[in-house]
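Going by the UniProt record's numbering, the first residue of the sequence shown is number 1, and it counts up by one from there.
Below is one structure, written out as structure tokens; comments come after it.
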Amino acid sequence: MLEEALTRGWDNFIGRRDGPMSFRFLVQPAVAIFFAVRAGLMDARQNKPPFLWAWLSNPSTRRERSRQVWTDVGTVFVAALNLDAIYQVFVHAGIFTFELLFTATVLAVVPYVVSRGLVTRVATWAGVGRQVVAPTEDDEQTEK
């Protein structure tokens, strides 16, 4: 039964690219990535490690990091759930919970988590988190 649900869910997910409401396959990941870029830049400015690495390797900050994800991407996730439920009712005349959760996760959470980590790494590499210290008058006088 589980295997059948997984197969049906995957086939329905792939089939949704060209069907009604296909715009959400672009809009929802784009919105999630927007929030991820914003959060990733903030992580780099605060010299925090990339999101997924910190979440996996540091259990003490896992709860706080999970809360940040739901703060940033929660609305997009709920919108993905609602749009997919509407799609399923019109196309399949019912709601399949596993497909609903899978689609919302793939369209909202996965792009957010992956993009946030990449943005943090690139921004840190580019020097976003480094502070530039300007020389003071005392420094100039000691050099003479």
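Each residue gets a CB set at the ideal place from its N, CA and C atoms; glycine is no exception.
Note that this is a predicted model, so its numbers are computed, not measured.
Let me know if S115 comes out buried or exposed under the rule of 16 or more other beta-carbons within 10 Å of its beta-carbon. Buried, because 16 or more other Cβ atoms sit within 10 Å of the Cβ of S115.
Throw me the rounded Cβ distance for the L100 and A85 pair, which I believe falls under 8 Å. 6 Å
Quick check: the Cα distance between N12 and D18, rounded to an integer number of angstroms? 11 Å
Grab me the residues of V37's own chain with a C-beta within less than 7 Å of its C-beta, minus the 5 sequence neighbours each way, in chain order. S115, V119
Which ranges does the beta strand (DSSP E) cover as unbroken runs of at least 3 residues, wholly within the region 79-103, from first to last along the chain? Counting only runs of 3 or more, we get nothing.
Nearest-angstrom Cα distance between V73 and L81? 12 Å
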